[in-house]
Structures are given as C-alpha cells and as structure tokens.
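Student:
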Amino acid sequence: MKFKMLQIVILIFIASIILSSCGDDKINTNSKDGNATVNAVIGPEPQSIDPGINIDTGTTNYISHVFEGLTKFDTGGNAVEAVAKSWKVSEDGKKYTFVLRDDAKWSDGKPVTAMDFEYAWKRVLNPETASGYAQHLYPIKNAEKYNKKLLQEKDVGIKSINEKKLEVELESYCPYFLSLTSLQPYYPVRKDIIEKYGDKWTLSPESYIGNGAFKMTGWEHKSVITMQKSTTYWNSKDIKITSINWQLLQDSSTALNAFEAGELDFNNGLIPSGEIPSLREQNKLTNVDLLSSKYVGINIKKPPLDNIKVRMALSIALDRNEIVKKMLNGNGKPAVAFVVAGIPGFEKSKDFRNEEGAENYISDKADINQAKELLAKAGYPDGKGLPDIEYATSNLTDNVQLAEILQEQWKKIGVNIKINSMEKSVFSAYRAEKKHELCNAGWAGDYYDPTTYMFLFLTNNPNNFFNWSNKKFDDLYEEAQSTIDQKKRHGLLHEAEKTVIEDMPVIPLYFQYKSTMINPHLKGVYQNSLGYVSFNDAYWDK
Amino acid sequence: MFKRIVFSIGAIFAVFTITFILMHCIPGNAFADDKSLSPEIMEHIKQKYGLDQPIQCQYTKMLANLLRLDFGVSIKNSGQSINTIIFEHFPISAELGLVAIFISIIFGIFFGTAAAYTKDSWVDYSLLIVLTICLTVPNFVVAALLQYFLGVKIRLFPIIGLSSIRHGVLPVLTISFYPTAFIARLVRASMIETFGEEYITAARARGLKEPSIVFKHALKNSLLTVIAYMGPLLAGILSGSFIVETVFNIPGLGRYFIDSITNRDYPMILGVTVFYSILLILSNLLVDVMYTQIDPRIRFDA
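Going down the list, the protein sequences come from chains A and Z.
Under the working numbering, residues 1 to 542 are what the first sequence spells out, in order.
Under the working numbering, residues 1001 to 1302 are what the second sequence spells out, in order.
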C-alpha cells in the first residue's frame, strides 16, 4: 500500500515537469517565417554606449547602429559618403569642408547639423569628458593641446560655418582622415540632450537619440538591448531589418547553445575554442580576417633581454606555423612583420604588406641552430648561465595556452620560461607599469593606415610596454606624418617598421581572425576587419 | 533585541571597513585594460570618480554615503546609480531563489521522508544514491547538462533570458538541485532518529493512522533541522548564483557582484557587499523567529 502511494506521487512529479513545458511556445522562430527581426550577440553588457566614451570594439557595434558619422566604410573598407554628401579638401590636404545631407535627421525628427558634429568632437576632446579615444581626434589642429589642457576649446580647428557646412583644419596632412571620420568618436551627439540628462543620457530610449538606421527601444541591463528601425533615417527605405535584439551574453558555451537552439541568428565569435574544429567541419563558421595581431612584448631594460642577440634568438627559435596550428586551428597567418596584413598600400589595389618597399622579415619556421648560435654569441652557450625569464600573461585560457606553447618551443634552445599568470586587470596594470620581462600582448587596429600599428612604438605611447625609445624611429614616423606623397610616405613607414624589427622590442607571432556564426537565411551581414558588424544591408531570404 | 540590533550595526560597519581595506589591497585597478590610456586621460578619469584623492578621504566619503544609504555611482556601469542596480536586479535573483527554495523544501522533505519511511529498502537505497550524486555534482555541470539536453537537444525550454515563466524552469531546477538533496538527507537522518522515539511507538500503539504519525508527529520534529539550515541557504540563494545567472544569462545581482570584483568597481563592490551582509543578518533573524514558532521551548532573547 505505502509503496503504491509513493509510486503514484513520483509519477505525478514526473508528469508535472513534462506538462509544465507545454505552455505557448515562445522560442523565436522569426528566422523561418520571414519576419525581419535579428537576434544577435556581440558580447556582454557594455560599460557605456556613449559614442564619446566607449573604447570597446564590440560595443561599437551597438552604437554604430544608432549613430552615423560624416563618412562610413563600404564593403571594400573605403570611406564613403554618409551624413556628409560631399567634401572638399584644400591643396595642402590640411583643410576639409564637409557639406551635410539635407535629409539627415535625428530619431526625434530634428535635423542633423554641423553644430552637432562640432559639439560632439569638442566634447570628446574636452579633458573633463575623460574620453579614452580622444587621441583619435588628435590629427585635428590644436586638438591634442586642448585635450592636454594647454589650449582653449576655441583654438581647436573645428568650425561649423552654417547648419550644413563643417570646416575642419588639421595639424598636418593626414591621408586617412576620412577613415577616421567614419569611426565612433566622430559620431555627432546632441548638446541639448547631454546637457539635460548628463551621464544618464545613454540609459533610456527617450534620451538615447541617434541619427542612424536604428533607434534603441529598450535596455534591460545584463540581458538585452532592443532596437527598431528608425523611420527618420535618411536611407530608411533601404533598411530591411525591422528590429534587432542584442543579447548581452558573457558565456561562450551559452552563446553556442543559444545559436544551436535557434535563439540567436548572429554570433560574433562567442564560441568555445574547443568547439571550433567540429563547427568548421560542419561549415557553420564564417571567418573574418581582423586587423589584429598577437606578439610577445619584451621589456628591453631587463637583463638578459637588454641584449639584442638574446631577443633575436628568442624570435628565431619560434615555429610560428606550429603556434598558428595549435592556437588558431591552422586558420590564422603567421606574422611576417609587425604591421598586420589588410591595410591598403599607397596604391589602393595593393596591401601595405606586399607593396613596393615591403619586406617579410620573419620566417614562419624555427631555425634552432641559428638561435643557439646567437645565444652562444650573447654569452649563453646552450642557455648556460641564462636565468629563468618571466613571461607575464593574463589567466585567460587561450593566453595561458599560448604561454605554454612558447615555453615548450624556447626550451629547445635552452631558455627556461617562468609563466606568471594573473587575473586580467592585475596583469594589465602590471604590464602598464612595465614590471614584466616578457609579456603577452596584441593590438587591434582602429583605422586603415599603418600608423594605427606603428604609433605603438613612439617613445611616449602608453602602449609601448617595451621601454623602447628609438630616435630614428620617432623621426621617421614624424616625417611620414607630414609627407603628402603617398609612395614616399609608405617608404618611410616601411623603413620605420624595419627599425623596429631590427631592434626587436616585440616578437610578432601571428595575425588574428575571428569566426562568426550566421543563420544561413540571414543575408547581407556586413563585417569588416576593424570588428564592425552592420545589419543595415541585411535581409532574410524567403 | 536592542543588543542584537547594536551588534548587527557593528557587524555591518566591520564588513564595510574590511571590504574597503581588502579591495584597495588587491592589485589591479578599474581602468587597466588591454589598451592602456595615456597618463593625462587616466588622470581625467580618476578625477571624475574621486580616485585621485587620498585613501582616507575616499574612506570617509564612502562612509558618509553608507550612512545616507546611497552607495553612489558605479564606475563600470556608466551613469548608473548603485542603489538602482541593487533594487532592479536583486528582485530577479530573489524571485528565482524563492521559487527554488520552495521547490527544494517540498521535494527535499518529500524525498527525505520517503527514504526514512522505507529505510533499508530498494527505494531508500536508490534515493540515497541519487541524492549523493546531486550533492556532489557542481552546479555549473548541472546547468550545462540541463541547458544542452533540455534546451538544445529536445528544445523543451528556452535557454537565455527570463522573459517568460518557461525561461525560469532550467535555472530554478539548477539552483534547487543541491538544496533539495541536502534537505532530503537532513530530513531522512532526523526522521529515522524520530521513528525510534518512544512517542512514535506509543502513537502507533494507540492505533493512529500512518500518515498522521509521519506528518504530524515525526515530520514536525525533523523540521527544526531544516530550519536551522534555512538561514545560510536563504541568504546564499537569494543573493543569486553567479554561475546559474551567467549560464542562463539572467540579469541577477549575483553577476553584478562577481563582475564588480573582477572589474575593481570599488563603489559597486562596497554597495553590494554591505547589501548582502544586511541580507544575511536579516535572514538569520528570520530563522530565529521561526525557531520560536516551531519549538516553544526556544525563547528569542539573545
């Protein structure tokens, strides 16, 4: 009797679990029925979606759907007309006059004016804004001095002539200026809104007023940002996606599961690295080359790394093919120099990496014998007498894996590496204070010009973790910055890069890419090598 | 009662001070990132959040904030006040937690009683095996397995977010896994002890019906052990599970707490820690009150 009761109760328990699942089915199926909603994941909750404040590449993608700059990137990575319908450049290349579209409007219906741009740019430069991307506006005349409190706001070379005309004076000739005006710190913002709402203006749909193809309709923190097509956007007739739900996800397994379960249509690379080979076999991944490279940073003030022969030996001893095979499942490119592939050359049809004057300085294979020879010349035959060298890294799985691969490869020439892995924010501070000997490092370019990489090596750059200061490099860089002839300018930059490689404050490893997942029915998703994603031209096939 | 209130306030003050000291001792800072900012910009940002001031000034400022019960503005959630974050996101964690506690108590008592009642039979043994497994499997494994099989494979429940009741099923199941098993073990052990007591034998001798013996006499006694466990359980579960909230992408306070520490978001760390300590003190108080209700021999005067 008592067993029977128990069995009945257990049966009810099981039945109730199954029945509880029979509610109305809310799993998103829009991908199949032609409804134009996109569920996408870029990453976790953004810190700020203020175009003047944000410095995170992923977060840029929320902002770039709500705002639009004077120019934008086309599929080839060239800057083309956006809010600006035309522009004139003075002969010396130092003055730009932009004419704005008459039909450019904010999402509350007000026209976009040159004053909005002037206000936004000067706001980014205002020291009180504390914008981390103020340096992107430094090519503008007196911008850097204003940002560093040496000059006043009125001295900055940005002037709205009238509602539709913006005049910009540059510090010196800047061939990539139109690439810069496509970037997020150059987006216009509204003075009246920011003065009214202060820091909170980005938090609610009523005050987060943009001029882009979409407008924000809600932000549930740590959960989802929702956007709807903006009817006031000048090109809204060509926007086919009606709404976007940006799921704010942190965990890569969850993102993959949600994609597999049909809850996501686009996954911007939030994939557990162990799953990548099998997903690739199933043809579920889209590879996007990134303007991003991985390298080992060397603190050249710390012995024995102050010896160029030791640094050279470390570089030559690496088998970059094997590193790429293990770290990127064979799909990345071994680094041949410092500046990554994918930046246009002085002739637009060519790449900076293979134009005239470019060299491949670094081999993808290891040369153990030559490395040992160099070590011996440095006074450490077979690594004898060489102390253990520290390799500092953050404790993210991929970074630790890289550290172990390097450790194993350097052991072959008798160099012992002590891996010092720490929490990410601890590591970042440790590296910024230059306490490391060797360190994990990487850089993602912000715009299409070699200087987006080369400026790292300037003596005073905050990302020069290498204690490296080279007058020849600084001079070459400066000369290139004021050279109008593109061929000559690139020649100077190639020479500057050669100076870096010859003195080796960094050991380039590989050029990175990302794997994204897109619902096969979702077409026309734009992704570029700066990490920008856009659904402006996307549509669902029937 | 007065003594207890004074002690509680002292405890909160101690938690506040120790947290303040500890968080400034751990290396790293809120603005260290992959891309280093120039010293000038770093200076502007520190000024903006008052981090350029001497540490004792920061302490007194924070203390003044605490007394006004206003924890200030988060550094890493730009423009958001910490009070708003707590009041918007704590209810999400708490709601899931309360449902999970309710389920754990019901099923924990049910399985515990069933096992005790059928002691040494196959039912008891198989329940014991299952309960031991539930106790030992960590909840990130439970979460991953539930998500994969019930979410991806048979698509019974949605995976991310909390926009409907069905979204809540997997996270609640995950959270209640461990406490259900724990309560069941507690109930089983104390029930078996109770069944050996003379008054149970006496009740049986008087011819009372079995359900009445089990639920009215034996169970009431075993509830005391469950309630003792409720204090820490309540505070632990209501505060939200970082793992469950991360895996199912639930915007609970648990994630804010852990993220604030990894981000070195100082005002946020302090705000949430103090809030949690208040929660713990309150839930222990609640348990003490419940004790006096169940067992009149216990008096509430400490």
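We treat Cβ as the ideally placed atom computed from N, Cα and C, and that holds for glycine.
In this text the structure is predicted, and so the values were computed from the model without any measurement.
Following the continuous beta strand (DSSP E) through A/W443, name the residue where it begins and the one where it ends.
Tutor: The residue labelled residue 443 of chain A in the question sits at position 443 within the first sequence. Taken as a continuous stretch (DSSP letters only), the beta strand (DSSP E) holding A/W443 covers 438-444.
Student: Which residues, in chain order, does the stretch 249-271 of chain A contribute to contact with chain Z at a C-beta distance below 7 Å?
Tutor: If the cut-off is 7 Å between Cβ atoms, the stretch 249-271 of chain A has L249, Q250, D251, S253, T254, N257, A258, E260, A261, E263 near chain Z.
Student: When Cβ atoms are compared, which residues of the stretch 1032-1044 of chain Z fall closer than 9 Å to chain A?
Tutor: Cβ contacts with chain A: A1032, D1033, D1034, K1035, S1036, L1037, S1038, P1039, E1040, I1041, M1042, E1043, H1044.
Student: What ranges does the alpha helix (DSSP H) occupy inside the stretch 131-192 of chain A, keeping only unbroken runs of at least 4 residues that lie completely in it?
Tutor: 143-147, 177-180, all fully within the stretch 131-192 of chain A.
Student: For A/Q481, verify whether its CB is less than 7 Å away from any heavy atom of the ligand ZN.
Tutor: This structure lacks the ligand ZN; in fact it carries no ligand of any kind.
Student: Between which two residues does the beta strand (DSSP E) containing A/S478 stretch?
Tutor: To locate residue 478 of chain A, count along the first sequence from 1; it is residue 478. Inspection of the sequence shows that residue 478 of chain A is occupied by Glu rather than by Ser. A/E478 -> not in any beta strand (DSSP E); alpha helix (DSSP H) instead, spanning 471-481.
Student: Shortest alpha-carbon distance to Z/S1190 belongs to which of Z/S1164, Z/R1166, Z/A1228?
Tutor: Taking the first residue of the second sequence as 1, we reach residue 1190 of chain Z at position 190. Checking every option, the nearest Cα to that of Z/S1190 belongs to Z/A1228.
Student: Determine the extent of the alpha helix (DSSP H) in which Z/Q1047 is found, giving its start and end residues.
Tutor: Within the second sequence, residue 1047 of chain Z is the residue found at index 47, counting from 1. 1039-1048 is the span of the alpha helix (DSSP H), which, as asked, contains Z/Q1047.
Student: For A/I55, would you say it is in contact with chain Z, using Cβ-to-Cβ distances shorter than 8 Å as the test?
Tutor: For the purposes of this step, residue 55 of chain A is taken as residue 55 along the first sequence, with counting starting at 1. Yes, A/I55 counts as interfacial toward chain Z.
Student: From the DSSP output, which residues share a beta bridge with A/D351?
Tutor: Reading the first sequence from its first residue, position 351 is the one you call residue 351 of chain A. A/P344.
Student: What does A/Q228 reach in chain Z if we use C-beta pairs closer than 9 Å?
Tutor: Here residue 228 of chain A refers to the residue found at position 228 when the first sequence is read from its first residue. Going along chain Z, no residue has its Cβ under 9 Å from A/Q228, so there is no contact; the nearest lies around 17 Å.
Student: Distance check for A/K472 and A/A538, CA to CA, integer angstroms please.
Tutor: Within the first sequence, the letter at position 538 stands for residue 538 of chain A. Within the first sequence, the letter at position 472 stands for residue 472 of chain A. Computed Cα separation, rounded: 48 Å.
Student: Is A/L150 near A/A143, with beta carbons less than 8 Å apart?
Tutor: Within the first sequence, numbered from 1, the residue matching residue 150 of chain A stands at position 150. Within the first sequence, numbered from 1, the residue matching residue 143 of chain A stands at position 143. It is not a contact, given that the beta carbons lie outside the stated cut-off.
Student: Exposed or buried, what is A/M227 when buried is set at 16 or more other beta-carbons lying within 10 Å of its beta-carbon?
Tutor: What you label residue 227 of chain A is simply residue 227 of the first sequence in a count that begins at 1. The residue is buried, with at least 16 neighbouring Cβ atoms inside 10 Å.
Student: Quick check for students: name the residue ranges of the alpha helix (DSSP H) that lie wholly in the stretch 1007-1043 of chain Z, counting only runs of 4 or more.
Tutor: As far as the stretch 1007-1043 of chain Z is concerned, it has no whole alpha helix (DSSP H) run of at least 4 residues.
Student: Quick one: list the residues of chain Z neighbouring A/K294, beta-carbon separation under 9 Å, in chain order.
Tutor: Counting from one through the first sequence, the residue named residue 294 of chain A turns up at place 294. The premise fails here: A/K294 is roughly 12 Å from chain Z at the closest Cβ pair, so nothing lies under 9 Å.
Student: So, A/D398 versus A/S278, is the Cβ gap smaller than 8 Å?
Tutor: Here residue 398 of chain A refers to the residue found at position 398 when the first sequence is read from its first residue. Here residue 278 of chain A refers to the residue found at position 278 when the first sequence is read from its first residue. No. Outside cutoff.
Student: Are there three or more Cβ pairs, one per stretch, closer than 8 Å when the stretch 400-418 of chain A is compared with the stretch 1003-1021 of chain Z?
Tutor: Touching, no, given that fewer than three Cβ pairs across the two stretches are closer than 8 Å.
Student: To the nearest whole angstrom, what separates the beta carbons of Z/F1111 and Z/L1098, a pair I think is in contact under 8 Å?
Tutor: Locating residue 1111 of chain Z in the second sequence gives position 111, where the first residue counts as 1. Locating residue 1098 of chain Z in the second sequence gives position 98, where the first residue counts as 1. Actually they are not in contact, since the Cβ atoms of Z/F1111 and Z/L1098 sit about 20 Å apart, beyond 8 Å.
Student: DSSP on A/N460, reduced to helix/strand/coil?
Tutor: Position 460 of the first sequence, counted from the start, is the residue given in the question as residue 460 of chain A. Three-state result, A/N460: coil.
Student: Using a Cβ-Cβ cutoff of less than 7 Å, which residues in the same chain neighbour A/N147 once the five nearest sequence positions on both sides are dropped?
Tutor: Stepping through the first sequence from its first residue, residue 147 of chain A is reached at position 147. Hits under 7 Å: L125, P127, A134.
Student: Entirely within the stretch 268-296 of chain A and at least 4 residues each: give me those alpha helix (DSSP H) ranges in chain order.
Tutor: Counting whole runs of 4 or more residues, the stretch 268-296 of chain A contains the alpha helix (DSSP H) stretches 276-281.
Student: Closer than 7 Å by C-beta to A/K412: which residues in its own chain qualify, once you throw out the five before and the five after it? Chain order, please.
Tutor: As a position in the first sequence, residue 412 of chain A is number 412, starting the count at 1. Here the set comprises A317, I368.
Student: Around the C-beta of A/E118, are 16 or more other C-beta atoms found within 10 angstroms, so that it is buried, or is it exposed?
Tutor: Numbered from 1 along the first sequence, position 118 holds the residue referred to as residue 118 of chain A. The residue is buried, with at least 16 neighbouring Cβ atoms inside 10 Å.
Student: Under 8 Å, with one C-beta from each stretch per pair, do the stretch 1271-1281 of chain Z and the stretch 1252-1262 of chain Z reach the 3-pair mark?
Tutor: The stretch 1271-1281 of chain Z vs the stretch 1252-1262 of chain Z: in contact.
Student: Using a C-beta cutoff of 8 Å, does Z/A1228 count as contacting chain A?
Tutor: For this step, residue 1228 of chain Z is matched to residue 228 along the second sequence. By this cut-off, Z/A1228 is not an interface position.
Student: Suppose contacts are defined by Cβ-Cβ distances below 8 Å. Is Z/V1169 in contact with Z/F1177 by that definition?
Tutor: Position 169 of the second sequence, counted from the first residue, corresponds to residue 1169 of chain Z. Position 177 of the second sequence, counted from the first residue, corresponds to residue 1177 of chain Z. No, Cβ-Cβ distance for Z/V1169 and Z/F1177 is not below 8 Å.
Student: What are the start and end residues of the beta strand (DSSP E) that includes A/V89?
Tutor: Position 89 of the first sequence, counting from 1, holds the residue named residue 89 of chain A. That run of the beta strand (DSSP E) goes 84-89.
Student: Can you list, in chain order, the residues of its chain whose CB lies under 7 Å from that of Z/T1113, leaving out five sequence neighbours each side?
Tutor: Residue 1113 of chain Z sits at position 113 when you count from the first residue of the second sequence. Closer than 7 Å at the Cβ level, and outside the excluded window around Z/T1113, lie V1187, M1191, V1214, L1219.
Student: Going by C-alpha to C-alpha distance, which of A/S90, A/Y526, A/K200, A/V89 sits closest to A/N268?
Tutor: To locate residue 268 of chain A, count along the first sequence from 1; it is residue 268. A/N268 has its Cα closest to that of A/Y526, out of A/S90, A/Y526, A/K200, A/V89.
Student: Please check if any C-beta of chain Z sits within less than 8 Å of the C-beta of A/V224.
Tutor: In the first sequence, counting from the first residue as 1, residue 224 of chain A sits at position 224. At least one chain Z Cβ lies under 8 Å of A/V224.
Student: How would you write the range of the beta strand (DSSP E) that A/E81 sits in, first residue to last?
Tutor: For the purposes of this step, residue 81 of chain A is taken as the residue at position 81 of the first sequence. 79-81 is the extent of the beta strand (DSSP E) around A/E81.
Student: Using a threshold of 8 Å, state whether the C-beta atoms of A/V543 and A/I298 are closer than that.
Tutor: A query on residue 543 of chain A cannot be resolved here, the shown segment of chain A reaching from 1 to 542 and no further.
Student: Are the stretch 343-358 of chain A and the stretch 481-501 of chain A touching, with three or more C-beta to C-beta distances below 8 Å?
Tutor: Judged by Cβ distances under 8 Å, the stretch 343-358 of chain A makes contact with the stretch 481-501 of chain A, as three or more pairs qualify.
Student: Going by C-alpha distance, which of A/S534, A/E495, A/L476 is nearest A/Y361?
Tutor: Taking the first sequence and counting its residues from 1, one reaches residue 361 of chain A at position 361. The candidate whose alpha carbon is nearest that of A/Y361 is A/E495.
Student: Please report the distance separating the alpha-carbon of A/L291 from that of A/T452.
Tutor: Counting from one through the first sequence, the residue named residue 291 of chain A turns up at place 291. Counting from one through the first sequence, the residue named residue 452 of chain A turns up at place 452. About 10 Å.
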